[in-house]
Amino acid sequence: MEEQGPSRFPQNFDEIFERIKSYGWYQLFFLLTVQYACIPQAGRTAGGFFSLGGLIPTYTCSDNGTMVVFDKTNITRYAAEACIMVRSCRNLTVDSVMYSMYEEFEWMCVPSYLMPTMASIMPLASITGFLIGGHISDHFGRKWLTIIGFGVDVLGGLISAIAPNWQFYMVVNFINQLTQPVYSGAAFALCMESVGTKWRLIQSFAFQWSLGYMLAGLGAYLTRHWRLFNIVANGIGIPCVFIMLLTEESPRWLVQKHKYRHAARAINKIARWNGRGQIHYTEADMKVIEQSSKAKPHNYNIFHLFSQKKLAIYCVSQIVTGICINTVENVLLFNVQDLAGSPFLNIALLGIMRLWAPLAAIAMERYSSWFGRKPLLIGSQFIVCICFTCMTIIHTTGYWKTLHWLATGLALFGYGVEIGLVWVAYKTYTTELFPTVIRTIALNTFSLSSNIGNALAPQLIFLNFFWHPMPYAGAAVMSLASIVIGVAVLPETKGQPMPDSLEEIKEGSSARAATSS
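Numbering (our numbering), first residue to last: 289 to 805.
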C-alpha cells in the first residue's frame, strides 16, 4: 500500500474503509442510485394486478326501471350474477377512480378464488429466483447481476403494460418474479460490502420504497389508467440501468475469489471517488486480507447456512421475521380497498408513513451507545404487533365502521414501522451475521423463505369473507412469533466487523466458549 506517511498492511476491509472514508461520495452515489431504482420497483408493485391495477369499480345497471349495483362490497360474493349483468346490461354505468385491469379484463367473470390463487402462485417464481440468484451472485459477482436483474425487471414491466389479456400479463409477471430476486440479493450484498462498519444500517435504507410509493400514488392519480401508469413507472427506470454501470464490483467478493488485482483496482477507484486518491492499495494488500480471513477454497451452497449450530439458529429467526414482513406488506397492499379513503392516497401514505423511520433509526444508531440491532428489531416488531392487534379488537367489538379511520391509521403506521424499521434491522442482521462467502446465499435464502408470507397474505384476505379481521389477526400473530424467536436467539452485532469466512464464525464461537470456561 502506497500512501503519504507511514503505513502497514491492512488486516480487514473495515480498516480499509476507515482509511478511504467509511462513507464518502461513492457510498452516497450508490445510495442514490439504489433509491432511484426503487421508484420503478414500487411503481410496478403498486400498479400491479394485485393492488391498484386490480381496483374494483362500481357497476350500476338501470334496465327496465330497476337499479342493480355491484361494487367492492358484494361483487366477489356474487361474481356470476355480476358477470351476466355487466355483459348484458344496456344501460350500464361504471364508476371507477382508475381504469384497472379488473375492469378491462372483466375479472368478475373469472372464479373468485382465482385471483388469490394466482397471487399465491407468484411467490413460486420468486422462490426459484432467490434460489438461483444467491448462488450465481456468490459465484459470479454482484455488480453485473445487479445491472442485468434490474434491466430485465424494467423491460418486463414495459411489456406487461401492453398485455392483450390477463393471462399474458400473468406470464410476464411470473418472469419478472424470477428476475427481481437476482437484482435485490446482489444489489443489497454489493451495497453493504462497499461501506464501513458504522454506516451499514444507514446504507441499508437505500432500499426503502418510501419515495417510490409516494410517486406511485401521485402517478396513478394523474394517469388514471393502468397501462399508461405502468409505461411511465417502468420507463423512468431505463436511465438507472446505465447509471449502475458506474458502480464497482464488491472488493470483498473479489478477494474471496482470489482476484486480488481487480479488488485493489475497485478499492482504489472508491478511494478516488471519496477524495482519497493518494491512497493506493496493491495485490499484496488484498492477499494479506484473504490470508487473515482464514477462508478455505470451497464451492458454497444453501446447506452451509446450517453447517454450524449457531448459524442454523440464526436462520430460524431470520426465516420467521421474513415471513412476517411479507405478510404485513401484502395484507395491506393486496387489500388497499379495505382501508378508509382514496386508494391513491393510501398508496402514497404507505411511502409517507416510512419517511420518519430512517431518521429515527439513524439518530438512535449514531447517538445512542445502547441502541443496536436487537432493540431496533424487537421494539419495532412489538409496535407492529400492537397496531394489528388493536385493528382486530376494533372489528371484533363492532366498532369497525365507527373507527374505520383509526383502524386505517393503525394499519398504515404498523406498515411503516414493519417495512421501515423491522425490514432494515432484518436485512442488516443478515449481512452482519453471515460471512461474505455465503452472504448473498443467506440474503436470497431468507428472501426466498419470506415468500411464504407472499403466499399466505392472499389466503388471509380471501378468508376475510368468513371473518373480516382475519388478515390483520394473521399479521399480529406473525409479528408476535418474530418477537419471541428474536429475543431468544439473536445477538447484538452493532459495531462488529463483518465476517468473511465460515472459519471466522467457528473461531468466534470457540473463543467465547474458552473465555466462559
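Just so it is clear, CB atoms sit at the ideal spot from N, CA and C, and this is done for glycine as well.
These numbers were taken from a predicted model, which means no experiment stands behind them.
Check	Outcome
Neighbourhood of Y457 by C-beta distance below 6 Å, restricted to the same chain and skipping five residues each side	S448, A451
Rounded straight-line distance, which links the Cα of T434 to that of E303	26 Å
Buried versus exposed call for M355 [16 or more other C-beta atoms within 10 Å across all chains shown]	exposed
Those runs of the beta strand (DSSP E) which lie wholly inside the stretch 659 to 691 and span at least 3 residues	none
Close beta carbons around H550, own chain, < 8 Å, minus the five adjacent residues each side	E537, L542
Buried or exposed by the 16-neighbour rule on C-beta atoms within 10 Å, applied to C673	buried
Beta carbon of I788 nearer than 8 Å to that of V725	It is Asp, not Ile, that sits at residue 788 in the sequence shown. Taking 8 Å as the Cβ cut-off, D788 and V725 qualify as a contacting pair.
As assigned by DSSP and simplified to three states, the class of F358	strand
C-beta neighbour in chain B for G667, strict 8 Å	Protein chains in the displayed structure number just one, and chain B is not present.
Neighbour-count burial assignment, Y314, 16 or more Cβ in a 10 Å radius	buried
Beta bridge counterpart(s) of L499 as assigned by DSSP	Its beta-bridge partners do not exist; DSSP assigns none.
Whole-angstrom C-beta distance between G335 and A504, which should lie under 8 Å	7 Å
Collapsed DSSP secondary structure at C377 in the structure displayed	coil
Presumed contact (8 Å Cβ cut-off) between E571 and A552, rounded CB distance	6 Å
Beta-carbon proximity check, L736 vs S605, cutoff 8 Å	no
Between the CA atoms of F337 and R515 - distance to the nearest angstrom	11 Å
Own chain, CB closer than 6 Å to A244, minus 5 neighbours either side, in chain order	Here the chain has residues from 289 to 805 only, and residue 244 is not among them.
For Y387: DSSP bridge partner residues	H513
Exposure of F530, with buried meaning 16 or more beta-carbon neighbours within 10 Å	exposed
Beta-carbon spacing of T333, S339 below 8 Å	yes
Distance between I682 and W693 (C-alpha atoms, nearest Å)	11 Å
Collapsed DSSP secondary structure at H592 in the structure displayed	helix
C-alpha gap between K662 and F734, whole angstroms	18 Å
Segment limits, alpha helix (DSSP H) that includes T609	597 to 621
Cβ-based neighbour list, L380, same chain, cut-off 6 Å, excluding 5 preceding and 5 following	C349
Simplified DSSP assignment, three categories, for V382	strand
Inter-residue Cα distance where the pair is K431 and Q455	33 Å
Option nearest R560 by Cα separation, candidates F301, S668, I308	I308
Whole-Å CB distance - N614 paired with I729, under 8 Å assumed	That belief does not hold up - the Cβ atoms of N614 and I729 are roughly 19 Å apart, past 8 Å.
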